[in-house]
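Here is the structure we will look at.
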Amino acid sequence: MTSKEGVLNVTVLEGRNLTSSRVNGADLYCTIGNTFNRQKYRTAVKKKTSNPEWLQKFSFFTKELVGEVYVKVYDKNTFLSRFVGQVAVSLSDLDPGSQTEAWYTISDETKDKKLKEDKSPGQIRLFIDCSGIKTRDRNKKSSFKLHEKTNFDISANILTPEFPEKTPERTPEKYNDKNNSEVIITK
1 MTSKEGVLNV
11 TVLEGRNLTS
21 SRVNGADLYC
31 TIGNTFNRQK
41 YRTAVKKKTS
51 NPEWLQKFSF
61 FTKELVGEVY
71 VKVYDKNTFL
81 SRFVGQVAVS
91 LSDLDPGSQT
101 EAWYTISDET
111 KDKKLKEDKS
121 PGQIRLFIDC
131 SGIKTRDRNK
141 KSSFKLHEKT
151 NFDISANILT
161 PEFPEKTPER
171 TPEKYNDKNN
181 SEVIITK
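The opening residue of the sequence shown carries number 1 in the numbering used here; numbering runs sequentially from there.
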């Protein structure tokens with residue numbers, strides 16, 4: 001099954017050996033986001049486990065495989081959540097049109113003092129579907145709009161302003177609205 005064009009699908013499948021300072025297991029959930037737009041999602045909370053199974057799919061809108069998708073794992077408590085660890089997957093390492101399923105070791109930069117220093121915070125399994133992303137023609141000249149009237153050519157690093165033609169002077173019209181406030185319209 002293929003994805004819609006311009007859509008990157010990431011499925012958070014499961015976690016294993018996700019560390020917790022709790023004896024009965026943790027109440028684990030993930031947040032998933034990216035560095036190329038502001039889309040962010042959250043999985044359901046899986047209670048009292050260190051090996052949760054989420055099986056939740058999230059879609060991100062992009063035309064090219066640039067930036068990163070990140071997954072952060074948290075242990076939900078009554079009043080606040082404890083950060084367990086995270087993984088960042090560089091999209092430039094993936095092939096457009098491909099599908100990848102892999103285990104990723106999460107890292108915990110804060111190093112919880114209750115955990116042994118040599119113990120990994122665990123792993124998370126992701127399925128990343130890039131079938132909706134087209135292959136970028138590397139020989140194609142890339143450009144994007146900085147402003148409505150300015151083009152930027154990435155390959156040449158050149159700004160090319162486009163100046164509008166002069167238009168005749170516009171004469172403003174004045175009238176009073178129903179509250180007797182003056183309104184000025186320029187046509």
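Ideal Cβ positions, reconstructed from N, Cα and C, are used throughout, including at glycine.
Item	Value
Using the C-alpha atoms, what's the distance from T11 back to D129?	8 Å
Verify whether the separation of the beta carbon atoms of I133 and Y104 is less than 8 Å.	no
By alpha-carbon positions, which one of T100, G85, S90 ends up nearest to T19?	G85
Throw me the rounded Cβ distance for the T49 and L80 pair, which I believe falls under 8 Å.	In fact, because the Cβ distance is near 20 Å, the residues do not count as touching under 8 Å.
Which residue marks the beginning of the beta strand (DSSP E) containing R42, and which one marks its end?	40-42
Using the rule of at least 16 other Cβ atoms within 10 Å of the residue's Cβ for burial, across every protein chain shown, is T35 buried or exposed?	exposed
Buried or exposed for L91, going by 16 or more other Cβ atoms inside 10 Å?	buried
Under the rule that 16 or more other beta-carbon atoms within 10 Å means buried, what is V66, buried or exposed?	exposed
What are the residues that DSSP puts in a beta bridge with V69?	N34, V89
Distance check for G122 and R16, CA to CA, integer angstroms please.	6 Å
When the Cα atoms are used, what is the spatial distance from E101 to E14?	11 Å
Determine whether the beta carbon atoms of K76 and V45 lie at a separation below 8 Å.	yes
Would Y41 and F58 qualify as a contact pair, given that the criterion is a beta-carbon distance under 8 Å?	yes
Run through DSSP, which three-state label would K124 get?	A small fix is needed here, since residue 124 is Ile in this sequence, not Lys. Correct three-state label for I124: strand.
Going by beta carbon distance, what residues of the same chain come within less than 6 Å of K47, once the five residues before and after it are set aside?	D27
From which residue to which residue does the beta strand (DSSP E) around V45 run?	Run containing V45: none; DSSP gives neither H nor E here.
May I ask you to list the residues that DSSP assigns as paired with L8?	F60
Going by the beta-carbon positions, is the gap between V89 and L126 smaller than 8 Å?	yes
On the criterion of 16 or more Cβ atoms from any shown chain inside 10 Å, does F61 qualify as buried, or is it exposed?	exposed
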